[in-house]
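Top line first, the protein sequences correspond to chains B and C. Using this note's numbering, read the first sequence as starting at 1 and increasing by one per residue. Using this note's numbering, read the second sequence as starting at 381 and increasing by one per residue. Glycine residues also receive a C-beta, built at the ideal position from the N, C-alpha and C atoms.
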Amino acid sequence: METILEIVQYVRGHLNDGPPAIMKASGEGKKIVGTYCTYMPWELVDAAGAIAASLCAKSDKPIPAAEEHLPRNLCPLIKASYGHALKDTCPYFHFCDVVIAETTCDGKKKMYELMNLMKPVYTIQIPQRADRPEDFDHLKREFQGVRRYLEGIAGRPVTDEDIRRSIALRNRERMALRALWELSAFDDPPLSGLEVHYFTEYMHFHFDKESAIPWLEEQVRKIRSAWEGGERRGHGGKPRVLVTGCPAGGVVKVMEALENAGALVVCYENCGGQKELTWLVDEDRDPMDALAEKYLAIGCSVMSPNVRRMDALKYLAGRYRADGVVEILLTACHTYAVEAYGVRNLVQSLGKKYLLVETDYSESDREQLATRMDAFIEML
Amino acid sequence: MIFNEVRSIFVYHKKLLYLCKRRITIPRFSIGIDIGSVGVKAVLFDGGIADAVLLPTGWSPKESALQALEKMFCGTGDVSRSSVPVVATGYGRKSVSSANKRVTEITCHARGVRWLAPLARTVLDIGGQDSKVILLGEDGSVEDFAMNDKCAAGTGRFLQMMAHVLDYDIGDFGAVDPWGEFQPISSMCAVFAETEVVGHLARGVDRESIVRGLLRSIASRSAAMLARIGMREPLFFSGGVSRSPSLARLIGREAGCEILTSDRSQFAGAIGAALIGWEDEERSGNHT
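Set out below in structure tokens:
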């Protein structure tokens, strides 16, 4: 009777499978590529036979160490990334051969220069605009550079066929995740927002995609049929919230405060959520063109203008029938902070409520967050 | 033995009958309690404000809340305590274990202000350690809100510290004539502002100009917060800091509108909480 809960418990029990898996892969001589950002073309890494591992950036523990080199008023994500690397407290960083980074915001870009002193860092130059043919050419050229770099690491050419296979694999994962997220569009959905977050995390750190994807597809099928068979978990009638803004992985406390206040997070527009993963790569085009087109379309706040994000928000808020939108701002993230004004106007023009919370990785504002979320939910 | 039992049953029934009869005529009450960082405010409501009390929060919000509740219950006469709904709000709302309901200060302030000043469409609340603005819909519901709770900049605590540095009584500090020469103060952080104020004093700037400068910077900060949320007139100023008449006038000038306030504006949160309890009771039909 409690099929869904059992699956959720399984997922929660396997969130730390990543480190041993990466150690094993490294021991077997696999190349490990450390990554931070959704702009990193996962397909190219996979096509080169390497493993793309998301590096640690979600804890406040390494921040004091990072502040030995970095200024204090910098976003916690950048400080955590650097601090973990500096203190060797990230297993993925420890085992990775190279880091493939990207020029998104200024803080990250400059931090990578320092990180390069610890591990080889290859930095993709991301254009800051996405709507012109030259922006497309720019990103495609950059991706060709990544491809050549990975060929050097793999010691073999990366063929179009390899890339096509990886695109198909990743698309299958995207579709499986989308099927999972779609469950939240139901009335009285089978999963809470936090649970959905754990599923996404689970997929993030299970590197053997050939087995992880069919597993996910199977679980979504099971959850769906349990739900269709009448299994309900008391999520009906709760106010539905869409979360947007900075990456939310390090501030799970926000989602906890929201769901403790009686809301249900039905959609994550952020990186790690739907921002990149919900849109597929065109499998009928030349693979490098298709990759450039796809990654250029990410609605990141470093893009100017960032039309894609606004379109996506409008679509997702409707698709998931959100009553309210909560925007997470990590302290000192200028691009999202400035963009928040436009997001607020957009959300309010859709007749939905909007709340902005600025926070960092510390535990100090839990109480204040709870008050804000309670008040927001009382307002819905 | 048997006689005694029969008698006790009889007495019990008589008592019940008496209570049922009384219930029709006994007054109805609700209590709202707002546990702020500096003061605990409690209101006894019986359709109007029957009683109100303000106590310092001190180091134990729980103790102070109990004391305030006790005072309120004194006014309920022989109405049984369990029939009086208690709604708690404010940052210490979770420390009132006997509360029937806990509601955030945002919602409570909105309700309380609606009762104190039905026309108000925006609320500016400056309390002991945070400030907030609330946008009200035509029906008095909360449409939007913003809070500054990261630091004590521009709050009651800030004013207390500055009054201390300048050796003012807090009441006189807030009543300094708002018009006239003023010394601009650029820091709103309590620590930096103190350094700045000490610097001005050392240069021989007079106290009143410094006070005016401080009040002016709080006013312009508040006006900016109000503009960000899209203030609608009329504006109601609540919270402990609203007791400063000079600040109210300065904020009115900065925001370019008239300011409503009330001698009970410090109780807005507690009144709102009591109203919520009152109306819940009405809805559930627990009263006769």
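In the three-state scheme derived from DSSP, where H, G and I count as helix and E and B as strand, Pro436 (chain C) is classed as strand. Leaving aside the five residues that flank Arg461 (chain C) on each side, the residues in its chain whose CB is nearer than 7 Å to its CB run, in chain order, Phe453. The three-state secondary structure of Tyr354 (chain B), taken from DSSP, is strand. Gly560 (chain C) and Ser589 (chain C) have their C-alpha atoms some 8 Å from each other. Within the segment 475 to 506 of chain C, the alpha helix (DSSP H) runs of at least 4 residues that lie entirely inside it are, in chain order, 485 to 496. In terms of Cα proximity to Phe538 (chain C), the closest of C:Val420, C:Leu595 and C:Phe425 is C:Leu595. Look at Met23 (chain B): its C-beta is not under 8 Å from any C-beta on chain C. Bounds of the beta strand (DSSP E) holding Val121 (chain B) are Val121 to Ile124. Counting along the chain, Glu523 (chain C) sits inside the beta strand (DSSP E) bounded by residues Val522 to Asn528. With respect to the 8 Å criterion, Ala101 (chain B) and Gly83 (chain B) are not classified as neighbours on the basis of their beta carbons.
Counting along the chain, Arg240 (chain B) sits inside the beta strand (DSSP E) bounded by residues Arg240 to Gly245. When DSSP assignments are scanned along the segment 5 to 84 of chain B, the uninterrupted stretches of alpha helix (DSSP H) that are 4 or more residues long and fall wholly within it turn out to be 18 to 27, 42 to 47 and 63 to 66. By the criterion of a C-beta distance shorter than 7 Å, Gly610 (chain C) is surrounded in its chain by Leu515, once the five residues flanking it on both sides are discounted. Taken through DSSP and simplified to helix, strand or coil, Ala430 (chain C) comes out as strand.
Cβ contact annotation for Val99 (chain B) (same chain, cutoff 6 Å, sequence separation greater than five): Gly34, Lys119 and Val121, in chain order.
When 9 Å is used as the limit between beta carbons, Ile486 (chain C) is near these residues of chain B: Thr371, Arg372, Asp374, Ala375, Phe376, Glu378 and Met379, in chain order. Distance from the Cα of Ala543 (chain C) is smallest, within the candidate group C:Gly428, C:Gly665 and C:Val577, for C:Val577. A straight line joining the alpha-carbon of Ser184 (chain B) with that of Leu191 (chain B) spans about 7 Å.
Nearest Cα to Pro614 (chain C) within the set C:Gly584, C:Ala599 and C:Arg494: C:Arg494. Between Trp215 (chain B) and Thr123 (chain B), the alpha-carbon positions lie close to 33 Å from each other. In the DSSP annotation of this structure, the continuous segment of the beta strand (DSSP E) that includes Cys267 (chain B) starts and ends at Leu264 to Tyr268. The beta carbon of Leu180 (chain B) is closer than 6 Å to those of Phe199 and Val220 in its chain, skipping five residues each way along the sequence. Assigned with DSSP and collapsed to three states, Gly534 (chain C) falls in coil, not helix or strand. Residues of chain B whose Cβ lies closer than 7 Å to the Cβ of Val483 (chain C) are, in chain order, Glu378. Partner residues in the beta bridge of Ser618 (chain C), as assigned by DSSP, are C:Asp505. Taken in chain order, the complete beta strand (DSSP E) segments of 3 residues or longer contained in the segment 572 to 623 of chain C are 615 to 618. Following the DSSP letters along the chain, one finds Ser626 (chain C) in no beta strand (DSSP E) but inside the alpha helix (DSSP H) bounded by residues Pro625 to Ala635. Taking a contact to require three or more Cβ pairs closer than 8 Å, the segment 132 to 148 of chain B and the segment 83 to 93 of chain B do not qualify as touching.
Judged by DSSP in its simplified three-state form, Gly412 (chain C) adopts strand. With contacts defined as CB atoms closer than 8 Å, Leu499 (chain C) and Leu606 (chain C) fail to qualify as a contacting pair.
Here the alpha carbons of Lys314 (chain B) and Val307 (chain B) stand approximately 11 Å from one another.
Minimum Cα-Cα distance from Ala573 (chain C) among the listed residues C:Ser521, C:Thr641, C:Thr535 and C:Val466 corresponds to C:Thr535. Cβ-Cβ separation between Cys246 (chain B) and Cys333 (chain B): approximately 5 Å, consistent with a contact (criterion under 8 Å). Taking C-beta atoms as the reference points, Val158 (chain B) and Leu44 (chain B) count as a pair closer than 8 Å. Distance from Cys488 (chain C) to Gly636 (chain C) at the Cβ level is roughly 28 Å; contact not present, criterion being Cβ atoms closer than 8 Å.
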